[in-house]
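A.B. asks: Numbering (our numbering), first residue to last: 124 to 245.
Let me begin by handing over the structure; questions about it come next.
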């Protein structure tokens, strides 16, 4: 998701605003920290998905397909939470329509990649 987002959004992820809010300064001062935190969030979400997905796919005839669908659902739940709770309430960020579209598209890409990878390993 981070790799998709960076060239598309041409800006640091919202974690830069989060880090700057608690450490002071501007978001642009924290490129490495914000990207690392964004990747760590993705890893945490992936681990959670993998643990939950294993119990869902045990009896599936098509684990890759189930993985893709479950991955997108998982990503959209994360995306909705990120938009409504993290961006809107925690960070007071007001994204434009285009920025919101890229935000959600990045999460869909993440969900597809995660679901395909986990499904192919089940």
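Beta carbons are placed, not taken as given, at the ideal position from N, Cα and C, and that holds for glycine.
Which residues mark the beginning and the end of the alpha helix (DSSP H) in which residue 190 is found?
C.D. replies: 186-204
A.B. asks: Going by beta carbon distance, what residues of the same chain come within less than 6 angstroms of residue 160, once the five residues before and after it are set aside?
C.D. replies: 138
A.B. asks: So residue 173 packs on residue 241, CB below 8 angstroms; how close in whole Å?
C.D. replies: 5 angstroms
A.B. asks: DSSP state of residue 182, grouped into three classes?
C.D. replies: coil
A.B. asks: Do you know offhand how far residue 155's Cα is from residue 201's?
C.D. replies: Their backbone Cα atoms lie some 23 angstroms apart in a straight line.
A.B. asks: If you draw a straight line from the C-alpha of residue 145 to the C-alpha of residue 205, how long is it?
C.D. replies: 18 angstroms
A.B. asks: Can you tell which of 243, 221, 162 has the C-alpha that lies nearest to the C-alpha of residue 133?
C.D. replies: 221
A.B. asks: Tell me the residue span of the alpha helix (DSSP H) that contains residue 228.
C.D. replies: 220-243
A.B. asks: Are the CB atoms of residue 198 and residue 189 nearer to each other than 8 angstroms?
C.D. replies: no
A.B. asks: If I'm right that residue 142 touches residue 157 with Cβ under 8 angstroms, what's the distance once you round it to whole angstroms?
C.D. replies: 5 angstroms
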